[in-house]
Amino acid sequence: MTPLFDISGKNVIITGGAMGIGFGIAQRFVEGGANVVLADLDAKVADAAAKKLNALGKGRAIPFAVDIASTDAGTKTAEICVREFGSIDVLINNAGIYPQVPLMQMSAEQFDRVLAVNLRGLVLMSKAVGARFIEQQKGGRIINIGSVDSLHPSMVGLAAYDSSKGAVLMFTRSFALEMAPHRVQVNIILPGGVATEGTNRPLAPGVNPEQARAQMEMFIKMKIPLGRMGQPDEIAGAAIYFASAASSYVTGSSLIIDGGLLLT
Ligand SMILES: NC(=O)c1ccc[n+]([C@@H]2O[C@H](COP(=O)([O-])OP(=O)(O)OC[C@H]3O[C@@H](n4cnc5c(N)ncnc54)[C@H](O)[C@@H]3O)[C@@H](O)[C@H]2O)c1
């Protein structure tokens with residue numbers, strides 16, 4: 508049988524790969540023999556994450572400290588990947604922020620920051636890596652991490668986030684159309700609630716950890732049919748699908764992984 512889900516030897520950029528969903532994906536990719544660039548704002552955590560991954564003794568991991576909201580982040584990250592690993596096969600646009608602030612209390616600067624990271628950063632990263640894919644002439648894969656909020660608001664206070672994630676879904680489709688002639692496939696994963704460093708922090712200002720925990724328990728009870736949060740590793744499987752031969756005829760597509768959240 509053809510190894511449909513083989514990712515060994517692939518060179519992969521994962522934005523926000525130092526923790527949470529990004530790290531969960533990185534772990535499975537390195538375990539599968541891929542080489543990963545952990546492009547992350549948090550240099551210290553990215554260093555520690557790379558050390559942990561390299562100890563697996565399979566693929567290689569290198570940390571790269573970068574703010575994906577900066578205009579040259581994409582070209583710099585692509586350069587590092589090519590310099591260290593020789594080429595790029597897969598880009599996983601995972602870095603994202605989700606401050607829970609109702610729009611009526613949100614400053615223009617806060618709104619801009621959410622859009623700069625979640626949308627503009629993802630777009631410019633895709634453009635820079637897309638240029639490399641065209642140069643390399645061997646196709647490529649871009650996997651965006653959207654959210655169930657790309658389709659439906661999950662809670663109050665996420666107007667900026669939901670705007671960015673809705674736009675990322677439409678960008679995925681549009682860019683898939685543009686890049687298809689170059690055999691570059693662009694798809695999106697739409698996670699529901701996943702237990703990460705990010706979701707373990709209180710999302711809203713002024714909420715203490717105790718209140719945040721109670722809110723989370725209520726959210727799970729009311730909203731998630733499978734009765735629990737997902738784990739980062741449960742998103743990794745979809746990333747492997749979109750990065751491998753198993754999805755050779757799939758582009759502009761989305762996959763919801765939400766424990767049934769959107770059914771409620
Ligand atoms: N956790 C969830 O429930 C959930 C649900 C749906 C979608 N998502 C999406 O999944 C992605 C990851 O979420 P998570 O919960 O793992 O987050 P997290 O906060 O646990 O981790 C995010 C990582 O991204 C990095 N990062 C943040 N801003 C960055 C920037 N400007 N440049 C480079 N790196 C940056 C952080 O340092 C961190 O390592 C996000 O796009 C998020 O919107 C998460």
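Take 508 as the starting number for the sequence shown in the numbering used here and just add one per residue.
Quick reminder that beta carbons are idealized off the backbone N, C-alpha and C, glycines included.
It should be emphasised that the depicted structure is a prediction, and the values quoted were computed from it without experimental measurement.
Rounded separation between residue i and residue j - CA only
i, j, result
"I595", "A721", "43 Å"
"D549", "A702", "19 Å"
"T771", "V663", "16 Å"
"A711", "L610", "12 Å"
"E616", "H689", "37 Å"
"K645", "D765", "33 Å"
"I575", "R639", "17 Å"
As assigned by DSSP and simplified to three states, the class of residue i
i, result
"S755", "coil"
"Q692", "strand"
"D656", "helix"
"V714", "coil"
"G737", "strand"
"G593", "coil"
"G809", "With the chain covering 508 to 771 only, the question about residue 809 has no answer from this structure."
CB contact below 7 Å: residue i versus chain D
i, result
"A555", "Note that chain D does not occur in the displayed structure, where there is just one protein chain."
Near ligand 1: residue i beta-carbon under 6 Å from a heavy atom
i, result
"N778", "Residue 778 is absent from the model: the chain starts at 508 and stops at 771."
"I652", "yes"
"M526", "yes"
"G766", "no"
"T758", "no"
"G523", "yes"
"T578", "no"
"V608", "no"
"I575", "yes"
"E704", "yes"
"P660", "no"
"P698", "yes"
"L548", "yes"
"V624", "yes"
Pair within 7 Å by beta-carbon distance, residue i and residue j
i, j, result
"S751", "F512", "yes"
"A525", "A556", "yes"
Strand pairing of residue i, partner residues [DSSP]
i, result
"V543", "V519, A568"
"I641", "I641 pairs with nothing; no bridge assigned."
"L697", "I763"
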